[in-house]
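Peer 1:
In UniProt numbering, the protein residues as written are 1 to 293.
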């Protein structure tokens, strides 16, 4: 089959987490900057699509679905830490560097590329950005954003898990697309995605939205919700179901590090060598007896 089973997929996630936690800081940071910028570009496409006047008046639900279809342009280290392959400190350090890099990339896309680039300079575009930002920050309560953050990263981490289960490129794209499509269509809150949506709203002057309010009302609850949704409902759950207390899992016939049945094999080989030596000794004894006779 061209797919890994759930146990192999969870093991693969754990191994990738161990590798990522030990990456050079500059590489983790730069890859996070690029990821944040690309998510910003995807968010810009959503906002641009939302400005279509006919859809806004006649099919407001459909416009969200169309925007979500364009959108899909942390889990790893949590599972590897639970498996004992990375420390909690390594996990938190990786999260911190990734978070700062994502923020830098998103702000660059929002303020420099889209903001000073004039992407949302027309009255219609400004009105849509302000409406979207108001719906993201001012309308929902702190608790609602936290809960939406749980649902969001639950879906996103499932997308990552499913993409790792697929062995071919087409399977990975399909696996990532649909859970991400669902999260965007449901207007759930992802802390990195909001790093574009809210700053661009502040840039165009959304009334009542400030940097302080953004940090308290959007960044903190969505971050905590994302940690619960991805870390607990996917990372911890799949680790508990498929790795905790289980035998070592091979990926394509290879075990991780010193794990696997190597000790048992060495013991078996030792017993085999011992039996072979004993047999050779007995054979020599018999030869000596025959010679004496």
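Just so you know, even glycine gets a beta-carbon here, dropped at the ideal spot from N, CA and C.
Values in this document were obtained by computation on a predicted structure and should not be read as measured data.
1) Grab me the residues of residue 209's own chain with a C-beta within less than 8 Å of its C-beta, minus the 5 sequence neighbours each way, in chain order.
2) For residue 28 versus residue 97, is the C-beta distance shorter than 8 Å?
3) Are the beta-carbon atoms of residue 99 and residue 148 separated by less than 8 Å?
4) Using a Cβ-Cβ cut-off of 7 Å (strictly less than) and excluding sequence neighbours within five positions of residue 108, which residues of its own chain qualify?
5) Tell me, please, which residues DSSP counts as bridged to residue 166.
6) What is the C-beta distance between residue 183 and residue 156, in whole angstroms, given that I count them as a contact (C-beta under 8 Å)?
7) List the whole-angstrom C-beta distance separating residue 130 from residue 204, where the pair is believed to meet the contact cut-off of C-beta under 8 Å.
8) Below 8 Å on the Cβ atoms is my guess for residue 196 versus residue 106; work out the distance and round it to an integer in Å.
9) Is it a yes or a no for the region 4-17 touching the region 248-259, going by three-plus beta-carbon pairs under 8 Å?
10) Can you name the residues that DSSP bridges to residue 202?
11) Cutting at 6 Å between CB atoms, please list the residues of its own chain near residue 79, excluding the five before and the five after it.
12) Among 86, 124, 171 and 219, which one has its Cα closest to the Cα of residue 146?
13) Rounded to whole angstroms, what is the Cα-Cα separation between residue 104 and residue 42?
14) Would the beta-carbon of residue 164 fall within 8 Å of that of residue 229?
15) Measuring CA to CA, which of 217, 21 and 225 is closest to residue 88?
16) Could you tell me which whole alpha helix (DSSP H) segments of length 4 or greater appear in the region 76-119?
17) CB-CB under 6 Å to residue 125, same chain, minus the five flanking residues each way: which ones, in chain order?
18) Taking DSSP's pairing of strands, which residues face residue 251 in a bridge?
Peer 2: Here's the rundown:
1) Residue mapping note: residue 209 aligns to position 209 of the chain shown, counting from 1. Excluding positions up to five away in sequence, the list reads 133, 134, 137, 138, 198, 201 and 202.
2) One-based indexing of the chain shown puts residue 28 at position 28. One-based indexing of the chain shown puts residue 97 at position 97. Yes, the pair counts as a contact, with Cβ atoms nearer than the cut-off.
3) Along the chain shown, one-based indexing puts residue 99 at 99. Along the chain shown, one-based indexing puts residue 148 at 148. With contacts defined by Cβ atoms closer than 8 Å, residue 99 and residue 148 do not form a contacting pair.
4) Position 108 of the chain shown holds residue 108. Counting only Cβ-Cβ distances below 7 Å, and skipping sequence neighbours, we find 37.
5) In the chain shown, counting from the first residue as 1, residue 166 sits at position 166. Residue 166 pairs with 3.
6) For the purposes of this step, residue 183 is taken as residue 183 along the chain shown, with counting starting at 1. For the purposes of this step, residue 156 is taken as residue 156 along the chain shown, with counting starting at 1. Correct: roughly 6 Å between the Cβ atoms.
7) The residue labelled residue 130 in the question sits at position 130 within the chain shown. The residue labelled residue 204 in the question sits at position 204 within the chain shown. Correct: roughly 6 Å between the Cβ atoms.
8) Within the chain shown, numbered from 1, the residue matching residue 196 stands at position 196. Within the chain shown, numbered from 1, the residue matching residue 106 stands at position 106. Residue 106 and residue 196 do touch by the CB rule: their CB atoms are close to 5 Å apart, below 8 Å.
9) Contact holds: three or more Cβ-Cβ distances are below 8 Å.
10) Translated into the one-based positions of the chain shown, residue 202 becomes position 202. Residue pairing by DSSP places residue 202 in no beta bridge whatsoever.
11) Working through the chain shown from its first residue, we reach residue 79 at position 79. Answer for residue 79: 13, 14, 17, 235 and 239, listed in chain order.
12) On the chain shown, residue 146 is found 146 positions in, with the first residue counted as 1. In terms of CA proximity to residue 146, 219 leads the group 86, 124, 171 and 219.
13) In the chain shown, counting from the first residue as 1, residue 104 sits at position 104. In the chain shown, counting from the first residue as 1, residue 42 sits at position 42. Cα to Cα, residue 104 sits roughly 16 Å from residue 42.
14) Counted from its first residue, the chain shown places residue 164 at position 164. Counted from its first residue, the chain shown places residue 229 at position 229. No, these two residues do not count as a Cβ contact at 8 Å.
15) Start at 1 with the first residue of the chain shown, and residue 88 comes out as number 88. Of 217, 21 and 225, the residue nearest in Cα terms is 21.
16) Listed in chain order, the complete alpha helix (DSSP H) runs (minimum 4 residues) inside the region 76-119 are 88-107.
17) Along the chain shown, one-based indexing puts residue 125 at 125. Hits under 6 Å: 51.
18) Here the question's residue 251 lines up with position 251 in the chain shown. Answer is 254.
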